[in-house]
Ligand SMILES: Nc1nc2c(ncn2[C@@H]2O[C@H](COP(=O)(O)OP(=O)(O)OP(=O)(O)O)[C@@H](O)[C@H]2O)c(=O)[nH]1
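Numbering (our numbering), first residue to last: 1 to 242.
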């Protein structure tokens, strides 16, 4: 069994043979997708983890869980655990439990839906409250559905302003076309692991390791006794938040 270190890295037990020295580094990060219903959180997770997109809307009840391994420069393997939180969960008692221990939070809005942008304020307050006694995770703001830019209801300048005011990174993407989805997750993984990615490396982000996926629905806390599996790893020392 591997041991987890302070910095979130998983280290195999010491191996006597020299192979141990050439093993790639392995990191794992818990990444939360938050935002109103229908902004496209499941679609973003599905596009990233499975390379798929569906036009059909199926509301997420509670949360869905995705896993994808990616490879960063320097042969660094990163496991991204994506927690896709249903947009209706904002009032749920489970929310802070879902968010707790996250290395990164991606706050999503739909660029064609102004309310979904305005509501980011409430989502962000929830994140701040959850981490008020700890270290804030990396927070990114994502404007999704950029393939519908002709229907844009949220000005790019407003998005940048909100992000600047709250110390967030801004991304624009389309889960439908896939544009900027992988690049966003790679940039986050790079940031958390302290590895800077160049533009060509981000552009090439599509050619990554194969994905595995675990999906489950958590109907309510009564059904599951309020227990959540411990998929989290500890915050990495290398996470820079400026
Ligand atoms: N045109 C377009 N449609 C999208 C995009 N992303 C998602 N959609 C559509 O928007 C609808 C809602 O997408 P979901 O991914 O289920 O939204 P969600 O945020 O997970 O919704 P909840 O489960 O209610 O929290 C679906 O019909 C998707 O096909 C996108 O980038 N472009």
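Quick reminder that beta carbons are idealized off the backbone N, C-alpha and C, glycines included. Bear in mind that the values here come from a model prediction, so they are computed numbers and not experimental data.
When DSSP states are grouped into helix, strand and coil, residue 68 belongs to the strand group.
For residue 57, the shortest C-beta to heavy atom distance toward ligand 1 is below 8 Å. In the DSSP assignment, residue 110 forms a beta bridge with 144. Of all alpha-carbon atoms in 115, 111, 83, 202, the one lying nearest the alpha-carbon of residue 157 is that of 111.
Residue 41 sits in a helix when the DSSP states are folded into three classes. In the DSSP assignment, no residue is bridged to residue 60. As a beta-bridge residue in DSSP terms, residue 33 pairs with 84, 106. Secondary structure at residue 161: helix, using DSSP grouped into helix, strand and coil. For residue 185, the uninterrupted alpha helix (DSSP H) run begins and ends at 181-193, by DSSP. Classified as buried, residue 64 has 16 or more neighbouring CB atoms from the shown chains inside 10 Å of its CB. When only Cα atoms are considered, residue 162 and residue 74 end up about 34 Å apart.
Here the region 123-134 lies against the region 90-101, with 3 or more beta-carbon pairs under 8 Å apart.
Within the same chain, Cβ atoms closer than 6 Å to the Cβ of residue 176 are found at 53, 147, the five residues on either side in sequence being excluded. Relative to the non-hydrogen atoms of ligand 1, the Cβ of residue 185 never comes closer than 8 Å to any of them. Contact between residue 140 and residue 32 fails: their C-beta atoms lie close to 10 Å from each other, not under 8 Å. In the DSSP assignment, residue 171 falls within the unbroken beta strand (DSSP E) covering 169-172. Boundaries of the alpha helix (DSSP H) around residue 99: 95-99. In this chain, residue 119 is not harboured by any alpha helix (DSSP H), its DSSP state being neither H nor E. Between the region 77-84 and the region 112-127, the count of Cβ pairs shorter than 8 Å is below three; the stretches do not touch.
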